[in-house]
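Q: I am attaching a structure below and will ask some questions about it afterwards.
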Amino acid sequence: MSSEPLKSKGHKTEQNPLLDVLRARTRSDWPSVPSDTALHENPKVLNGVIYAHDGPHGAAKIEWWYINAHFGDDTAAAESPPRYSVFAAFFRLAIDGTTGTCAHATNWALVDSQDGGTYQTCSLLDPGTPAILGAMIDTSEYQGDPFVLKALKELFGSGRVLEPDRLMKGDAVISAPGEPLSIDFGGNVFRVVHTSEDHVPTYDLSLVDAVTGTSLQLTIRPRCPPALSGKRGVVETGRWQDDMFYYFSPLCDVLSGSFTSKAGVTAVQIPTGSAWIDHEFGGCAAQTLEEVAALRAGQQHSVADYSWEWVAVQLNNVSRDAVSVTLLRDMKKPAGEQLIGLFAIYQDGNTGRFYRYDQGVTMQSSAQRWTSKVTGMPFPVQWTVTIPHNGGVTLTLDASMQAQEFVTIPGKPSYWEGRVRVSGTTRLPDGTADTTTGLGFVECHGEKNLSDVGSLYNIMHMMLCAPLEHIAVSTTDIDTIAALPLTFATVHQAAMLAQLSSGKPMPPSHKELLQQLLAAYVVGHHRAPSAAGKAAVEGALAMLQQQWDGVTSWDFPTLALRAFTIRTVELLLSGKCAWMKDATTTSTDVAAIPEATTIAPQPAVFLDEDDSRWLVVPTDEELNTAATEETLKTVDALSNGLWAIDASKPRGNIGEFLGAQGVGFIARNLCASVTPDLRSNVNFSTKTLETDIITALSTTKSIVQLNGTSWKWESFGRGTITSRGCCRVSRDGKACVLIVTTIVANNELEVKWVIVRDNGTMQEVLHLLPNNNNNAVSSPSATARATFSQWFKKK
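Per UniProt numbering, the sequence shown runs over residues 1 to 795.
Next up, the structure:
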């Protein structure tokens, strides 16, 4: 098979020629697989073609390596089923195609089937994950309920992730494309240690959880040639942007290993076992803003929301066969049209030959669903699979234990990946039935996700907020409300609070947060819009925000509570407290577009790298002069793109800066708590710099006039104010500074300098100065600053 795109349903030719370039590049480093008739004639050739692709692929948007294994210890009876099972996955996601920047993650779980079973997980994410996921929310690549996304954006903006995820210590290390596979993600290693003359690799898998002290090492070697999923390795989704290449070795031997659990409580040697390895890569990685725009325009009517169920089974029949079944759906489509694909691969353990079936395959989960106490997500725990191999194979898969949910925020919010017991009937080549058993793993994802929380909000509102709308509550003093027990005279609330705490006692931090939310709700619902009521609302919201600023550890119940808080406050601000609806704007504020006035262009102000005029207050003449076309082109070339705040750089206190201007506590507290991302571009027709300011609470637009005119705009906390702007560029065109001056309270001058350099950095500096009109450098009475890094740059 060539690497050319396949023509199929959903693969119609697009009019934009850039899409053809993208589609060709997506498959440029995929294997060239022999025809079906030649696949099994020479295993050595197939091994050489496929295993040569064990390493990473530079053109792939996403890539992962997956391993599962079943093993016992050296004291177990030979006929007994393996006590332990493990799966591990290593993920690589392309973030910036122009620089080769990627994000990495590893998920692994250890299953002990003894005494009812235990399921221990470890999830390590790239140190840059908070900024990466924040940017993916901004670009709609990470989707979900809007209030959950706002809460997550707030969390990511603080440089943290949702527990039980943890950030890796140090960078992920992975071999370059074309080199032997070697992965080290936070001490979790998967690598090729030897390749035989027949091109069969031997792998080393080493896993370690620094928190629990659990460690595992396995040496694994395939005993059969690799199998290809999809159509000779290509798994088509109906959207070429998401197509993948997928091969796997379902019949592997564990040659040796060792295992230590929970800081040495159990230490065993692993004499033997079975394993399964697969590798999948593909998807279209945009490298420029033009490519991002082309992909979005080409898919605007067909963005998918995938769910899947996947089976990996090793049988104990005479030939020790393996079965893989994949069920893929698009959950955005109507119920009867969701199925994208259902196919099975059956590999004969004697001959190594594999057979693909996409007709006559069924996979049916039982009606029973296990519901997670952590996330509330439902998952099936029993399946029946039929495959038309040798006249018919029927298998029943039962979860060894129900609670095998893997909670990780990239999973939105989780997936079920668990050990299953297998029983059923296979067929010998002559059609004779052969009763068999086996072990395997099943993975389920996407039946419900972060978008499916509306019913939870409604229940929470009914139990927690609705009783507080009664008129009798309006006479309660706010201090009394904040001190009341959380039950609020209804026994149903106890169940809700237990659900928010995964069935465990609610931690004190959650109780305090919920108390403050309910107090703010009462005050907001009953006290506005009188002057005293407004003050009370501001105080209540201020207390609520202070409480959230003190929460250092977030898990899924915390996320649910925070999302409900944001939703409740936003409903207040758009209803009873509509007079505060601008409270969702940022310190950068929303600028209205005034009528443009044409000013004769003047020569640009050029600066050298060490020029002292970088942070100088501009003169009236400079502020009244429109930027030239040449200057605007330089500004656009440097600033056009998506910018994310760099949490590793020092950041001045914007709350104190606004406080020095007399801005109220709640306004400056809200402004200080958000971490905006910016999306900027120059509008040449109006000579303005237009910036989308994206925060956890909202997306607003700021427009800076560079045409020599001033403009008035409404600032939350400061009222109607007037600003003027200008820009300067360096002589070499590698840097520019945008300057905005604003007269604020007490006739003081707020000056904002935004310095943008061609190395992808942007620094925002704010000074509050005396308005002396002589442009002298004065000591500021307050300062603030922030540093941004560029995610995408327009070519």
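Just so you know, even glycine gets a beta-carbon here, dropped at the ideal spot from N, CA and C. Keep in mind it's a predicted model, so treat the numbers as computed, not measured.
If we count the other Cβ atoms within 10 Å of its Cβ and call it buried at 16 or more, is residue 372 buried or exposed?
A: If you number the sequence shown from 1, residue 372 lands on position 372. With 16 or more Cβ atoms within 10 Å of its Cβ, residue 372 is classed as buried.
Q: For residue 636, which residues of its own chain have a beta-carbon under 7 Å away from its beta-carbon, when the five flanking residues on both sides are left out?
A: As a working note, residue 636 is residue 636 in the sequence shown. The residues are 681 and 682.
Q: Whose CA, out of 254, 417 and 157, lies closest to the CA of residue 223?
A: Position 223 of the sequence shown, counting from 1, holds the residue named residue 223. Nearest option by C-alpha distance: 254.
Q: Which residues bound the alpha helix (DSSP H) around residue 564?
A: Walking along the sequence shown from the start, residue 564 turns up at place 564. Where residue 564 is concerned, the enclosing alpha helix (DSSP H) stretches over 556 to 574.
Q: Decide if residue 279 is buried, meaning its Cβ has at least 16 other Cβ atoms within 10 Å, or exposed.
A: To locate residue 279, count along the sequence shown from 1; it is residue 279. Flag for residue 279 reads buried.
Q: Over the uninterrupted alpha helix (DSSP H) stretch that includes residue 147, give me the two end residues.
A: The count along the sequence shown starts at 1 and reaches residue 147 at position 147. Note, residue 147: alpha helix (DSSP H), 146 to 157.
Q: Put residue 276 into one of helix, strand or coil per three-state DSSP.
A: Reading the sequence shown from its first residue, position 276 is the one you call residue 276. Here DSSP, grouped into helix, strand and coil, assigns residue 276 to strand.
Q: Can the beta-carbon of residue 29 be found less than 8 Å from the beta-carbon of residue 181?
A: In the sequence shown, the residue the question calls residue 29 occupies position 29. In the sequence shown, the residue the question calls residue 181 occupies position 181. For residue 29 and residue 181, no; Cβs fall outside 8 Å.
Q: Go through its chain and collect everything with a Cβ distance to residue 411's Cβ below 7 Å, but skip five positions before and after it.
A: The count along the sequence shown starts at 1 and reaches residue 411 at position 411. Excluding positions up to five away in sequence, the list reads 445.
Q: Going by the beta-carbon positions, is the gap between residue 275 and residue 88 smaller than 8 Å?
A: Here the question's residue 275 lines up with position 275 in the sequence shown. Here the question's residue 88 lines up with position 88 in the sequence shown. Not a contact, by the Cβ cut-off of 8 Å.
Q: Here's a check: name, in chain order, each residue in its chain whose Cβ is nearer than 7 Å to the Cβ of residue 644, leaving out the five neighbours to either side.
A: Residue mapping note: residue 644 aligns to position 644 of the sequence shown, counting from 1. If we look at residue 644 and ignore the five residues flanking it on each side, its Cβ neighbours are 131, 134, 135, 677, 788, 789 and 791.
Q: Pairs of beta-carbons, one from the stretch 258 to 272 and one from the stretch 372 to 384, closer than 8 Å: are there three or more?
A: no
Q: Helix, strand or coil for residue 687? Go by DSSP, reduced to three states.
A: Start at 1 with the first residue of the sequence shown, and residue 687 comes out as number 687. Coil, per DSSP.
Q: Would you tell me roughly how many angstroms separate the C-alpha atoms of residue 16 and residue 641, rounded to the nearest one?
A: Taking the sequence shown and counting its residues from 1, the one referred to as residue 16 is at position 16. Taking the sequence shown and counting its residues from 1, the one referred to as residue 641 is at position 641. If you take the alpha carbons of residue 16 and residue 641, they lie about 22 Å apart.
Q: Go ahead and label residue 307 buried or exposed: buried means 16 or more other beta carbons lie within 10 angstroms of its beta carbon, across all protein chains shown.
A: Taking the sequence shown and counting its residues from 1, the one referred to as residue 307 is at position 307. With 16 or more Cβ atoms within 10 Å of its Cβ, residue 307 is classed as buried.
Q: Under three-state DSSP, which class holds residue 50?
A: Residue 50 sits at position 50 when you count from the first residue of the sequence shown. Helix.
Q: CA-CA distance, residue 285 and residue 58?
A: In the sequence shown, the residue the question calls residue 285 occupies position 285. In the sequence shown, the residue the question calls residue 58 occupies position 58. Whole-angstrom Cα-Cα distance: 10 Å.
Q: What do you get for residue 185, buried or exposed, if any count of 16 or more other CB atoms within 10 angstroms of its CB means buried?
A: As a first step, residue 185 is located in the sequence shown; it is residue number 185 there, counting from the start. Buried, by the Cβ-count rule.
Q: Contact between the stretch 143 to 163 and the stretch 448 to 466: three or more CB pairs below 8 Å?
A: yes
Q: Can you round the beta-carbon distance between residue 562 and residue 151 to whole angstroms, since I take them to be within the 8 Å contact cut?
A: Here residue 562 corresponds to residue number 562 of the sequence shown, with the count starting at 1. Here residue 151 corresponds to residue number 151 of the sequence shown, with the count starting at 1. Confirmed, Cβ separation roughly 4 Å.
Q: Going by C-alpha to C-alpha distance, which of 236, 340 and 346 sits closest to residue 322?
A: Counting from one through the sequence shown, the residue named residue 322 turns up at place 322. The shortest C-alpha separation from residue 322 is found at 346.
Q: Would you say residue 81 and residue 439 are within 8 Å of each other, going by their C-beta atoms?
A: Sequence index remark: in the sequence shown, residue 81 carries index 81 (1-based). Sequence index remark: in the sequence shown, residue 439 carries index 439 (1-based). Contact: yes.
Q: Excluding the 5 residues preceding and the 5 following residue 763 in the sequence, name in chain order all residues of the same chain whose CB lies nearer than 7 Å to its CB.
A: Here the question's residue 763 lines up with position 763 in the sequence shown. For residue 763, where only same-chain residues beyond five positions count, the Cβ hits under 7 Å are 755, 785 and 787.
Q: Please state if the CB of residue 214 and the CB of residue 120 are separated by a distance shorter than 8 Å.
A: Taking the sequence shown and counting its residues from 1, the one referred to as residue 120 is at position 120. Taking the sequence shown and counting its residues from 1, the one referred to as residue 214 is at position 214. Yes, they are a contact pair.
Q: Run the CB neighbour count on residue 296, radius 10 Å, all protein chains shown included, and call it buried at 16 or more, exposed below.
A: Counted from its first residue, the sequence shown places residue 296 at position 296. Residue 296 is exposed by the Cβ-count criterion.
Q: Does the distance from the CB of residue 189 to the CB of residue 183 come in under 8 Å?
A: The sequence position of residue 189 within the sequence shown is 189, counting from 1. The sequence position of residue 183 within the sequence shown is 183, counting from 1. Closer than 8 Å, so yes.
Q: Determine the DSSP secondary structure at residue 785, reduced to helix, strand or coil.
A: The sequence position of residue 785 within the sequence shown is 785, counting from 1. Residue 785: strand per DSSP, three-state reduction.
Q: Run the CB neighbour count on residue 101, radius 10 Å, all protein chains shown included, and call it buried at 16 or more, exposed below.
A: Numbered from its first residue, the sequence shown carries residue 101 at position 101. Answer is exposed; the Cβ neighbour count stays below 16.
Q: Decide if residue 579 is buried, meaning its Cβ has at least 16 other Cβ atoms within 10 Å, or exposed.
A: Your numbering for residue 579 matches position 579 in the sequence shown. Answer is exposed; the Cβ neighbour count stays below 16.
Q: The beta strand (DSSP E) spanning residue 24 covers which residue range?
A: As a first step, residue 24 must be located in the sequence shown, where it is residue number 24. Where residue 24 is concerned, there is no enclosing beta strand (DSSP E), although the alpha helix (DSSP H) around it starts and stops at 17 to 26.
Q: Please list, in chain order, all residues of the same chain as residue 798 whose beta carbon is under 6 Å from its beta carbon, the five residues on each side excluded.
A: Since the displayed the chain opens at 1 and closes at 795, residue 798 lies outside it and no answer follows.
Q: DSSP three-state call for residue 752: helix, strand or coil?
A: Position 752 of the sequence shown, counted from the start, is the residue given in the question as residue 752. Strand at residue 752.
Q: Among 353, 400 and 65, which residue has its Cα nearest to the Cα of residue 370?
A: Taking the sequence shown and counting its residues from 1, the one referred to as residue 370 is at position 370. Of the candidates 353, 400 and 65, the one whose C-alpha sits nearest the C-alpha of residue 370 is 400.
Q: Going by DSSP, which residues form a beta bridge with residue 106?
A: On the sequence shown, residue 106 is found 106 positions in, with the first residue counted as 1. In DSSP, residue 106 forms a bridge with 90 and 124.
Q: How many angstroms separate the CA atom of residue 742 from the CA atom of residue 751?
A: Your numbering for residue 742 matches position 742 in the sequence shown. Your numbering for residue 751 matches position 751 in the sequence shown. Rounded to the nearest angstrom, the two C-alpha atoms are 7 Å apart.
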